[in-house]
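Q: Every position in the sequence shown, counted from 1, becomes a number in the working numbering once 328 is added. Cβ coordinates follow ideal geometry from the N, Cα and C atoms, glycine included.
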Amino acid sequence: MTYFPAHIRIDDHGRKIVQSCQDHMNNTAKYAKEALNNIYLGETAYLAGIMHDCGKFTSAFTNYIERATRGESVRPGSVNHTFAGVKYLLEKYHGTNDSVGALTCEIVAYAIGAHHGLFDCFNEERESGFMHRCTKEDINYQEAITNYLQNYLSASEITVFFKKSVNEIQHIIEILEELLKEDAISGDSSSEDIEQELNFYLGLLTRLILSAVINGDRRDTAEFLSGKERVRLNATKDLWHNTLLYMEKHLGKINCYTDIEKTDLHCH
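Structure, rendered in structure tokens:
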């Protein structure tokens with residue numbers, strides 16, 4: 329097995345310490361799954377985590393991070409490492425008649441592709457943000473995926489993880505449709521409203537998966553670079569209260585107040 333560097337740090341004795349892509353992606357996936365397991369989206373977060381840095385399995389990225397470690401001038405982001413996993417998912421699982429599978433593919437692909445910066449799935453000219461980055465930018469796709477499959481996970485293993493994710497998304501869709509059906513029966517929403525609401529909730533779902541991946545990615549990166557494991561905070565009412573007050577202070581245009589006993593945030 330060949331190990332590709334995800335991060336490199338120099339310790340207090342001047343020694344070079346390397347974290348492999350395999351270790352980084354394992355840790356990111358684990359942390360992302362932990363964040364969403366209690367709402368039954370852990371497998372989806374895990375899938376995004378184990379594929380978020382596929383593009384680092386290339387000589388271009390290895391050269392980039394080695395030069396940066398030596399203090400040479402490199403342009404941050406000059407090696408696109410986020411879209412190899414996106415392209416693999418879209419090519420492998422999107423062109424089927426399974427609508428839930430296609431949706432799952434899009435949700436996970438966006439979480440992978442946007443973990444270093446948001447992008448529009450479609451712009452005002454209805455051009456695909458996915459395709460622009462997969463076809464117009466040099467992402468060293470073939471090298472990245474070949475090395476990834478040979479040195480980390482096989483195609484069959486990825487399929488197992490993908491099927492678990494599809495099951496989770498199917499469950500979430502059923503919950504959303506049931507909620508929206510109640511609105512339709514009561515006459516509170518038109519069919520057009522319901523479709524818009526469903527798309528809105530699916531957008532929030534996508535951002536939730538993305539947040540879990542970003543959290544896992546940054547947590548593991550910080551732990552490796554500092555050489556220390558982060559202490560998990562207990563989400564107490566006092567912590568939420570202080571956090572919400574901080575956000576209220578810095579979002580002055582939004583008038584927010586909190587009911588700590590009911591743990592609600594109200595904005596108007």
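Just the Cα atoms here: how many angstroms apart are isoleucine 338 and arginine 395?
A: Answer to the nearest angstrom: the Cα atoms are 13 Å apart.
Q: What is the C-beta distance between threonine 380 and isoleucine 440, in whole angstroms, given that I count them as a contact (C-beta under 8 Å)?
A: Note on identity: in this sequence residue 380 is histidine, with threonine being the wrong assignment. Their Cβ separation, rounded to whole angstroms, is 5 Å, which keeps histidine 380 and isoleucine 440 in contact under 8 Å.
Q: With a CB to CB cut of under 8 Å and the five nearest residues on each side skipped, what residues in its chain are close to leucine 526?
A: Hits under 8 Å: Leu504, Glu505, Leu508.
Q: With H, G and I counted as helix, E and B as strand and the rest as coil, what does DSSP make of valine 346?
A: Strand, per DSSP.
Q: Which of helix, strand or coil does DSSP assign to arginine 403?
A: Coil, per DSSP.
Q: Which same chain residues, not among the five before or five after leucine 369, have their C-beta less than 6 Å away from its C-beta?
A: The residues are Glu496.
Q: Does the beta-carbon of histidine 499 have 16 or more other beta-carbons within 10 angstroms, so that it is buried, or is it exposed?
A: Result: exposed.
Q: What is the C-beta distance between threonine 386 and glutamate 471, in whole angstroms, given that I count them as a contact (C-beta under 8 Å)?
A: Indeed they touch by this definition, with Cβ atoms about 5 Å apart.
Q: Using beta-carbon positions only, say whether alanine 373 and isoleucine 537 come within less than 8 Å of one another.
A: Cβ distance < 8 Å, so alanine 373 and isoleucine 537 count as in contact.
Q: For isoleucine 336 and aspartate 548, I'd like the C-alpha separation in whole angstroms.
A: Distance between the alpha carbons of isoleucine 336 and aspartate 548 is about 13 Å.
Q: Considering only their Cβ atoms, is the gap separating tyrosine 421 from glycine 429 smaller than 8 Å?
A: Cβ atoms of glycine 429 and tyrosine 421: closer than 8 Å.
Q: Of all the options Val494, Phe489, Lys565, which has the alpha carbon lying nearest to the alpha carbon of leucine 431?
A: Comparing Cα-Cα distances from leucine 431 to each of Val494, Phe489, Lys565, the minimum goes to Val494.
Q: Where glutamate 589 and histidine 569 are concerned, what is the direct C-alpha to C-alpha distance, given to the nearest angstrom?
A: With a pLDDT of 44 at glutamate 589, under the threshold of 50, the modelled position of this residue cannot be trusted, and the question is left open.
Q: Alpha carbons only, please: which of Gly377, Asn479, Ile345, His443 is nearest the one belonging to asparagine 355?
A: That would be Gly377, whose Cα lies nearest to the Cα of asparagine 355.
Q: Kindly provide the ranges of any alpha helix (DSSP H) runs that are 4 or more residues long and lie completely inside the segment 479-547, ordered along the chain.
A: For the segment 479-547, whole alpha helix (DSSP H) runs of length 4 or above, ordered along the chain, are 483-514.
Q: Please identify the residue among Ser554, Glu557, Gln350, Val541 whose C-alpha is closest to the C-alpha of alanine 443.
A: Note on identity: in this sequence residue 443 is histidine, with alanine being the wrong assignment. Closest by alpha carbon: Val541.
Q: Using the C-alpha atoms, what's the distance from methionine 329 back to arginine 560?
A: If you take the alpha carbons of arginine 560 and methionine 329, they lie about 33 Å apart.
Q: Would you verify that the beta carbon of glycine 580 is, or is not, closer than 8 Å to some beta carbon of chain B?
A: Of the protein chains in this structure there is only one, and it is not chain B.
Q: Assuming tyrosine 392 and valine 402 make a contact with CB atoms under 8 Å, what is their CB distance in whole Å?
A: Contact holds; Cβ gap of about 6 Å.
Q: In terms of residues, what are the limits of the alpha helix (DSSP H) holding histidine 569?
A: Looking at the DSSP string, the run of the alpha helix (DSSP H) that includes histidine 569 is 565-578.
Q: What did DSSP end up calling isoleucine 367 once you bin it into helix, strand or coil?
A: In this structure, isoleucine 367 counts as helix in the three-state DSSP scheme.
Q: Might you give, ordered along the chain, the residues of its own chain that have their beta carbon closer than 7 Å to the beta carbon of serine 554, omitting 5 neighbours on each side?
A: Nothing listed; no residue qualifies.
Q: Kindly indicate which three-state DSSP category alanine 334 falls into: helix, strand or coil?
A: Note: alanine 334 maps to strand in three-state DSSP.
Q: Where does aspartate 340 fall in DSSP's three states?
A: Note: aspartate 340 maps to coil in three-state DSSP.
Q: Please determine, among Gly405, Leu477, Lys492, Lys384, the residue with the shortest C-alpha to C-alpha distance to lysine 361.
A: Nearest of Gly405, Leu477, Lys492, Lys384 to lysine 361, Cα basis: Lys492.
Q: I think threonine 564 touches tyrosine 438, with their Cβ atoms under 8 Å apart; what is that distance to the nearest whole Å?
A: Incorrect: roughly 32 Å between the Cβ atoms, too far for contact.
Q: At the level of alpha carbons, what is the spacing between glutamate 502 and leucine 532?
A: Near 16 Å, if we compare the C-alpha coordinates of leucine 532 and glutamate 502.
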